[in-house]
Structure formats: C-alpha cells, structure tokens
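K.L.:
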Amino acid sequence: MKHVRKSAEPPELTQYRQRFSAQFQRWIKLKSSRKTYNAIRNALATDQQGLCAYCEMSLHPQDRAVEHFIPCKQSTLENNLDLNWQNMLATCQGGLQQVTVPGEETLRNSRPPDDFPCCGAAKADFVPDGRLLNPLELPTRLLFRFSSLDGAITPDPAACEQSGITIDQAQFTIEKLNLNVQRLKDQRLVVMDEAIAMLDQLDDGETEPTKLEAELAADYFGDSSGDWPRFFSALKFALGEGAERHLSSIS
Ligand SMILES: [Zn+2]
Numbered sequence: 017m018k019h020v021r022k023s024a025e026p027p028e029l030t031q032y033r034q035r036f037s038a039q040f041q042r043w044i045k046l047k048s049s050r051k052t053y054n055a056i057r058n059a060l061a062t063d064q065q066g067l068c069a070y071c072e073m074s075l076h077p078q079d080r081a082v083e084h085f086i087p088c089k090q091s092t093l094e095n096n097l098d099l100n101w102q103n104m105l106a107t108c109q110g111g112l113q114q115v116t117v118p119g120e121e122t123l124r125n126s127r128p129p130d131d132f133p134c135c136g137a138a139k140a141d142f143v144p145d146g147r148l149l150n151p152l153e154l155p156t157r158l159l160f161r162f163s164s165l166d167g168a169i170t171p172d173p174a175a176c177e178q179s180g181i182t183i184d185q186a187q188f189t190i191e192k193l194n195l196n197v198q199r200l201k202d203q204r205l206v207v208m209d210e211a212i213a214m215l216d217q218l219d220d221g222e223t224e225p226t227k228l229e230a231e232l233a234a235d236y237f238g239d240s241s242g243d244w245p246r247f248f249s250a251l252k253f254a255l256g257e258g259a260e261r262h263l264s265s266i267s
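With the numbering used here applied, the sequence shown closes on residue 267, and no number is skipped along the way.
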C-alpha cells in the first residue's frame, strides 16, 4: 500500500451531483449512469497510476472496483460519503470474482477456493476507526518491508516511527486488508525475484550497487508519467537506496 495523490474530481461527478435530486445522490444510483461511473473509474485509475490502492496489483478492466474508504452505509443527509471524491479509491476485486485474462493468468489476482479475499472485499463494511491507514494520508516513505523468502509484507518499525504511524496501525492495515494472502505473497515474490535477478545480471563487480539499483529503478519506474509496475512498494523495497534515489529525482 502506497501513498495516493488525488487530482480534482472529474467534472462528470460534479455535474451528476448538480443535476440529480436527493434520491439519486447514492452510489448505487450513480453506477447506472455509465458516463459518470466510467469517468470516475478512469480518473481513479489515472491518479493511482494503474494500481490497486491496497494491494498494488495492476488494475484491469475486468478486475477493478470503486472502493469507498468509509462505507456508503455511513452516509447521512449532511455528509454524503457515496459521492465524496475524497472517499473513493480504485481497487482490485480482491479475488472475489474469478477473472481470467488470456495470456495474463499469472498476473491476475484470482482467488483459489482455499484462499481468502483481500483489499476492499476483505474490508467489506468495516468502518475505519483510526487503525486502518488511508492511502490518501500515507507518507511517500515506505512504511513496509517485504520478505525475500516468501513475499510477506510487514511493518517497518523505524519508518513507521519517523512517519508518526504506530506499528499497530500498519499491522492492523495488513491484516484487515488481508495483504498476506498466499496469492499476493507469491506474486510479490515473483516480482522481487525478477528484480534481484536483473540486478545480478547488471553487476559487473565494479559499479557501485546503489548506481545499479538506480539504473534498474529507472527502467521499472520510468519518469512516473505512465502506469506504475505492479507491486510498486515491493519493487521499491527490493531495489533499495537506488530506487529511493531514482524516485526522488523524478518526483
Ligand atoms: Zn487489491
């Protein structure tokens, strides 16, 4: 889970809010306005540079959902959370729906019957109470570590402390969103292993390791104009100080 920077709400959402009466100011109603719904989904995906706000899996037309950080059920007359742009995130479907994309079988987050849902599907109607971290409020500093043995995500105590976030909050977030389900660990491990294998290939025994990491980070992350590679944070962790160096040079 990484920091999400939101742009202004799409004009279609503003227009929808202005055009329709109170009974239509509900998410379930808005969804039937395909133009508005698609504009929201596309704007969220662009802001998040193509990644699920929770697990960082690549979003796909067949595997994406609009997540309300505070559930729509909490909406009141005075505080409409359904149509609140700041309350919306793009997420994967958490493995709840089996998605098969020809040629991309290993990239998708389809849940085997013996694995649990993750992300919004795991969070369900939970009402955030301060323990669940909001991607909009995260620092750009990496708050998590990733195991090179099994791809598991754990809080980074030092980074949490420097960011004013408790380890309990980071741990709670991992557990509430099920970010350590087997399929996510497995896929993170694949991505990290690939990066480390490429670092090995680049290593000529002379070049400083951080320089090699930065070169490879430039290949992975580019100039930040397009979509990020899946599992951005795990990659950033695997590419260490060089990734930090590259990312700060382009931000
Ligand atoms: Zn996800």
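The beta carbon of each residue, even a glycine, is placed where N, CA and C say it ideally should be.
It should be emphasised that the depicted structure is a prediction, and the values quoted were computed from it without experimental measurement.
Does the region 173 to 192 touch the region 155 to 164, meaning 3 or more C-beta pairs lie closer than 8 Å?
P.N.:
Yes: at least three Cβ pairs fall under 8 Å.
K.L.:
By Cβ distance, which residues of its chain are closer than 6 Å to Pro2, with the 5 residues on each side in sequence left out?
P.N.:
Since the first residue of the chain shown is 17 and the last is 267, residue 2 is not available in this structure.
K.L.:
Is DSSP giving Val207 helix, strand or coil here?
P.N.:
Numbered from its first residue, the sequence shown carries residue 207 at position 191. Val207 falls in the helix class under three-state DSSP.
K.L.:
Is the beta carbon of Met104 within less than 6 Å of some heavy atom of ligand 1?
P.N.:
Taking the sequence shown and counting its residues from 1, the one referred to as residue 104 is at position 88. Answer for Met104: no, Cβ out of range of ligand 1.
K.L.:
Under 6 Å: does the beta carbon of Met73 sit that close to some heavy atom of ligand 1?
P.N.:
By 1-based counting over the sequence shown, the position of residue 73 is 57. At least one heavy atom of ligand 1 is nearer than 6 Å to the Cβ of Met73, so yes.
K.L.:
Is it true that the CB of Gly258 sits closer than 7 Å to the CB of Thr226?
P.N.:
For the purposes of this step, residue 226 is identified with residue 210 of the sequence shown, where counting begins at 1. For the purposes of this step, residue 258 is identified with residue 242 of the sequence shown, where counting begins at 1. Yes, the Cβ-Cβ distance between Thr226 and Gly258 is below 7 Å.
K.L.:
Do Leu195 and Cys108 have their CB atoms nearer than 7 Å?
P.N.:
Here the question's residue 195 lines up with position 179 in the sequence shown. Here the question's residue 108 lines up with position 92 in the sequence shown. In this structure, Cys108 does not lie closer than 7 Å to Leu195 by Cβ.
K.L.:
Could you check where the beta strand (DSSP E) with Glu231 kicks off and where it finishes?
P.N.:
On the sequence shown, position 215 is the one that residue 231 refers to. Segment 225 to 237 is the alpha helix (DSSP H) holding Glu231; no beta strand (DSSP E) there.
K.L.:
Out of curiosity, what's the CA-to-CA distance linking Asn58 and Gly221?
P.N.:
Against the sequence shown, residue 58 aligns to sequence position 42. Against the sequence shown, residue 221 aligns to sequence position 205. Cα-Cα distance, rounded: 45 Å.
K.L.:
Using C-beta distances below 6 Å, list every residue in its chain close to Ile183, excluding the 5 sequence neighbours before and after it, in chain order.
P.N.:
By one-based count along the sequence shown, residue 183 stands at place 167. Correct list, in chain order: Pro171, Pro173, Cys176.
K.L.:
Given a cut-off of 7 Å on the beta-carbon distance, is the pair Lys192 and Leu148 in contact?
P.N.:
Translated into the one-based positions of the sequence shown, residue 192 becomes position 176. Translated into the one-based positions of the sequence shown, residue 148 becomes position 132. Yes; because the gap between Cβ atoms is below 7 Å, this pair is in contact.
K.L.:
So, is Lys18 buried or exposed, given that buried needs 16 or more other C-beta atoms within 10 angstroms?
P.N.:
One-based indexing of the sequence shown puts residue 18 at position 2. Its Cβ being crowded by 16 or more others within 10 Å, Lys18 is buried.
K.L.:
Note down, in chain order, each residue of its chain lying with its Cβ closer than 6 Å to the Cβ of Arg261, except the 5 sequence neighbours on either side.
P.N.:
As a first step, residue 261 must be located in the sequence shown, where it is residue number 245. Ala230.
K.L.:
Residue ranges of each alpha helix (DSSP H) run of no fewer than 4 residues wholly in the region 36 to 92, ordered along the chain?
P.N.:
Here the runs fully enclosed are 43 to 46, 50 to 63.
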